[in-house]
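Enquirer: Have a look at this one before I ask anything.
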Amino acid sequence: MGDKTCVSFTLNGEPRSLELEPRWTLLHVLREVYNLTGTKFGCGTNDCGSCKVLIDDNPVNSCVYPAKKLEGKRVLTIEGISSDKRYMHIPQAFVNAHAVQCGFCTPGMVITALGLLLEDPDPDETKIRSYFTGNLCRCTGYVNIVEAVNLAAGRSTHG
Ligand code: FES
Ligand code: FES
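If you're matching positions, the sequence shown starts at 5 in the working numbering and goes up one per residue.
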């Protein structure tokens with residue numbers, strides 16, 4: 005038990021203040037404090053991307069992000085995307101492109117897709133594949149994930 009720290013930040017559009025222990029990760033805060041279990045714990049070592057959230061619009065692996073750095077930040081999780089009219093077409097694109105099999109990687113994939121589209125609304129396939137290199141999927145072979153991002157960007161590779 006270390007000294008407690010207090011941080012104020014925005015979580016899915018809502019202001020939050022939290023007293024936390026310095027060793028807590030953002031993933032711990034999301035799942036254990038706020039019960040936002042859509043963000044998945046995969047490896048815990050920065051390798052799989054299943055724990056991704058957006059911090060100030062950038063995809064970040066929450067399993068290695070120290071919660072004490074949250075002061076003044078804007079955090080968006082899969083729950084925030086799914087209830088936001090501006091963004092809910094992205095998870096729907098994953099469903100429509102059959103890019104969801106077991107579903108474990110999907111929240112992190114959707115977060116990464118939004119991060120990419122906020123940075124570049126019209127990414128080509130090379131950029132999509134390169135942007136997703138930190139997101140592991142054991143099931144889909146990635147082709148349908150690329151298709152999902154194309155759909156979310158308003159295109160279909162099937163014409
Ligand atoms: S759980 Fe965070 S990168 Fe795998
Ligand atoms: S859909 Fe199963 S790990 Fe990606």
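For every residue, glycine included, the Cβ atom is placed at its ideal position computed from N, Cα and C.
Are any of the Cβ atoms in chain D nearer than 7 Å to that of LEU120?
Expert: Any reference to chain D falls outside this structure, which holds one protein chain only.
Enquirer: Which whole-angstrom value is the C-beta distance of PRO63 and ILE115, which I expect to be below 8 Å?
Expert: 6 Å
Enquirer: Pull up the CB-CB distance for LEU118 and LEU58, whole angstroms please, since I reckon it's below 8 Å.
Expert: Sure, about 7 Å apart at Cβ, within 8 Å.
Enquirer: Decide if SER12 is buried, meaning its Cβ has at least 16 other Cβ atoms within 10 Å, or exposed.
Expert: Counting Cβ neighbours within 10 Å, SER12 comes out exposed, since fewer than 16 surround it.
Enquirer: Is LEU45 near ligand 2, judged by its Cβ being under 6 Å from some heavy atom?
Expert: Correcting the residue identity first, residue 45 is Phe in this sequence and not Leu. No, the beta carbon of PHE45 sits no closer than 6 Å to any heavy atom of ligand 2.
Enquirer: Per DSSP, ASN65 forms a beta bridge with which residues?
Expert: Note: ASN65 sits in a beta bridge opposite LYS56.
Enquirer: Pairing CB atoms from the stretch 76-83 with CB atoms from the stretch 29-44, are three or more of them under 8 Å?
Expert: yes
Enquirer: Does the stretch 28-35 come close enough to the stretch 62-77 to have 3 or more Cβ pairs within less than 8 Å?
Expert: yes
Enquirer: What whole-angstrom Cβ distance do LEU121 and ALA152 have, given they're in contact under 8 Å?
Expert: The pair is not a contact, with the Cβ atoms about 11 Å apart (cut-off 8 Å).
Enquirer: Would you kindly check if the distance between the Cβ of GLY46 and the Cβ of SER54 is under 7 Å?
Expert: yes
Enquirer: Quick check: what's the CA-CA separation for GLY145 versus LYS8?
Expert: 44 Å
Enquirer: How long is the line joining the alpha carbons of VAL79 and ASN65, rounded to whole angstroms?
Expert: 12 Å
Enquirer: Would you grab the beta carbon distance between MET92 and ILE149 for me? Rounded to a whole angstrom, and I think it's under 8 Å.
Expert: With 8 Å as the limit, MET92 and ILE149 do not qualify as a contact, their Cβ atoms being about 18 Å apart.
Enquirer: Take VAL33 as the anchor and find which of PRO111, THR110 and VAL68 has the nearest alpha-carbon.
Expert: VAL68
Enquirer: What residue range is occupied by the uninterrupted beta strand (DSSP E) comprising ASN19?
Expert: A small fix is needed here, since residue 19 is Pro in this sequence, not Asn. Boundaries of the beta strand (DSSP E) around PRO19: 18-24.
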